[in-house]
Ligand code: SF4
C-alpha cells in the first residue's frame, strides 16, 4: 500500500504537519484517543422525554467542558470508565430529532426525513453507501485514508466531479449504522490512518454517522470531509466528535457561491464553521482554484485564513480543476487552469504569508 505513496511515510514527522495537526498525529500513533471515544466516556444527564431545547442546553453545557475531558484523557494512559448515558448518546439523540425537521445544513429544508421525506439534497432516512476503500489519493498525512462515500449534497456545484454521487445517479446501497460500523472496523484493520466521511457531502448523514461511531470502539481518527455549508446545529454536534476537519473553502464571496454552487450565505457559513473547527478540532483546508476566480475567490479566502486561523494553517491549494458535469454553463469554467493562473494563486498565498501549504 505504502509503495504507491512514498511521500506519506515520513510526513507525520514534518514540522508543518506536527504544527498544524499534532493531536491527529498522536491519534494515528495511538498515543491519544479519538474525540468520539472521549465523548463516549463523558456522562450526560438527560431523559429521552426532554424537549429538544432542554437537550441542547445540556449538550452545550457538556461541550463547554469537553476540552477539560480531552486534557484529562490526553494525560492519562487509563482506559476511561463506562458510563450509562454518554455525551455521544446525547449527540445521537439530538441528531435523530434533527432528522424530523431537517436542518443539518444551511438550507434548513425542515422535511421529516424519518418519514422518508426528502429535501434539497435528496437524502431521506437511509444511510446510502456508495463506496468504502483505503484512499491513496488524499493529502499525504491522511493516506491510507479509510474513505467512505455516501449519497447527496447540500449544494450543487455545476462543476461537481462526484455528481454521480451528489446527484443520486444511482441510489447506492442502503446500510444500517451497524453495517457501516463493520466497514469502519474493516478499514481500520487494513491499516487506514483515519475514517474519512465524505460524499456528495457527509452533512445530510450526520445522524447516521454519529450513530455509526457510537457502535465502534477502536481508536481511529475521524475526518469530516465537507463543503463547509453545514448549520449551527451540525457544527455543535461535530464538536467533540470529529478530530480533523477536512474542509473545502470554496468561494470568497456569496455571489460566486450562489451562481456556481447554489449556496446562498456560503461565506458566513464557511467562516463560522472554519472557526469552530479550529476551536474544537484540527483543520486541513482545501482551496480548489477555479479558472478566472483568483481575485474574487482565491485571494479573499487565503487572506481570511491567514488573518483568522493563522499563517501556519495547513492549506491544500488545489490546481486540478477540470470542467465536469454542467461546467459548460459558465464560460470561465469551460476550461482548465492556465499555468499563469496557477503561478498567480501560488504568488497570492506567498504574498499573504501562508507558510504551511501541502506540497
Ligand atoms: S441536509 Fe438535505 S434535507 Fe437537510 S436541510 Fe440540508 S439539504 Fe435540506
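Numbering (my numbering), first residue to last: 72 to 430. Where a beta carbon is used, it is the ideal one built from N, C-alpha and C, also for glycine. Just so we're clear, the structure is a prediction, and the values are computed from it rather than from any experiment.
Item                                                                                                  : Value
Given residue 318 as reference, the closest of 306, 225, 298 once Cα atoms are compared               : 298
Residue 206 burial status per 10 Å Cβ neighbour count (16 or more: buried)                            : buried
For residue 217, three-class secondary structure by DSSP                                              : strand
One or two residues paired with residue 353 in a DSSP bridge                                          : 315
Buried or exposed (CB count within 10 angstroms, at least 16 for buried), residue 215                 : buried
Residue 222 CB to nearest heavy atom of ligand 1 below 7 Å                                            : no
Proximity test, residue 211 beta-carbon vs ligand 1 heavy atom, cut-off 7 Å                           : no
Residues whose Cβ lies closer than 7 Å to any heavy atom of ligand 1, in chain order                  : 173, 174, 175, 176, 178, 179, 180, 182, 184, 189, 190, 191, 192, 194, 223, 225, 274, 275
Cβ shell of residue 89 (< 8 Å), same chain only, five flanking positions each side left out           : 83, 96
Distance between beta carbons of residue 270 and residue 220, contact taken as under 8 Å              : 6 Å
Opposing strand residues paired with residue 205 [DSSP bridges]                                       : 217
The segment 271 to 290 contacting the segment 144 to 153, beta-carbon criterion three pairs below 8 Å : no
DSSP state of residue 328 mapped onto helix, strand, coil                                             : helix
Distance between residue 408 and residue 392 (C-alpha atoms, nearest Å)                               : 7 Å
Contact check, residue 279 vs residue 201, beta carbons under 8 Å                                     : no
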